[in-house]
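Participant: Sharing a structure here in structure tokens format.
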Amino acid sequence: MKFLIIGLGNFGRTLAEELTDRGHDVIGVDLDRHRIEEIKDRISVAYIMDATEQTALQALPLDEMDCVIVAVGQSMEHSLRAVASLKALSVKKIYSRALDRMHESILKAMDIDKIFIPECYAARIFAGKLSDSTFDDMQ
């Protein structure tokens with residue numbers, strides 16, 4: 001599958017690397033040159049770009065992507081602007097990270113395909129591991 005990930009901070013970078021390791025094509029986008037430099041050799045293509053600008057996103061092969069993931073984790077405004085731009089460009093499948101329940105509510109109103117709060121998901125998994133009697137063996 002082909003994925004485009006917008007936002008290559010801790011979550012976005014890990015997601016990009018994991019998808020690449022599982023054999024998928026991954027394009028990464030971030031405004032931070034340092035983040036691009038760190039990942040450019042690990043994924044298919046990496047772009048330094050302001051993904052809140054619809055005209056910038058038009059330069060990407062959006063119609064070839066199976067899914068575009070907005071993994072922006074520091075700014076609700078940037079996340080929402082990126083999602084709005086992707087919607088305006090008729091991207092077929094958009095997943096987005098939500099920073100909190102308010103952000104999640106706004107994304108729901110934008111009618112995107114999947115919304116996730118990674119910290120909540122990770123906490124549920126970790127709670128399950130803590131409840132497991134073999135937790136001390138967890139690496």
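Residue numbers (my numbering): 1 to 139.
Positions of the beta carbon are idealized from the N, C-alpha and C atoms, including for glycine.
(1) Mapping DSSP to helix, strand and coil, what is S96?
(2) Quick one, which of H78, Q74, I69 and L80 has its alpha-carbon nearest Y95's?
(3) Opposite G28 in the DSSP bridges: which residues?
(4) So D66 and F3 are in contact, right, with Cβ under 8 Å, and what is the actual spacing, rounded?
(5) Would you tell me roughly how many angstroms separate the C-alpha atoms of Y47 and K93, rounded to the nearest one?
(6) Taking the straight line between their C-alpha atoms, what separation do you get for E64 and M76?
(7) With a threshold of 16 other CB atoms inside 10 Å of the CB of D21, please say whether the residue is buried or exposed.
(8) Given a cut-off of 8 Å, decide if A88 and V72 are closer than it, judged by their beta-carbon atoms.
(9) Helix, strand or coil: which one does DSSP assign to V72?
(10) If you drop the 5 nearest sequence neighbours on each side, which residues of the same chain put their C-beta closer than 6 Å to that of L99?
(11) Give me the Cα-Cα distance between M102 and Q74, rounded to the nearest whole angstrom.
Facilitator: Considering the structure as presented:
(1) DSSP places S96 within a strand segment (E or B) once states are collapsed to three.
(2) Measuring C-alpha to C-alpha distances from Y95 to each of H78, Q74, I69 and L80 identifies I69 as the nearest.
(3) Beta-bridge partners of G28 (DSSP): I5 and A46.
(4) The C-beta distance from D66 to F3 rounds to 7 Å, short enough to meet the 8 Å contact threshold.
(5) Their Cα atoms are separated by approximately 20 Å.
(6) Roughly 27 Å between the two C-alpha positions.
(7) Exposed is the call here.
(8) Contact flag unset, no.
(9) V72 falls in the coil class under three-state DSSP.
(10) Excluding positions up to five away in sequence, the list reads M76.
(11) Q74 has its alpha-carbon roughly 14 Å from the corresponding atom of M102.
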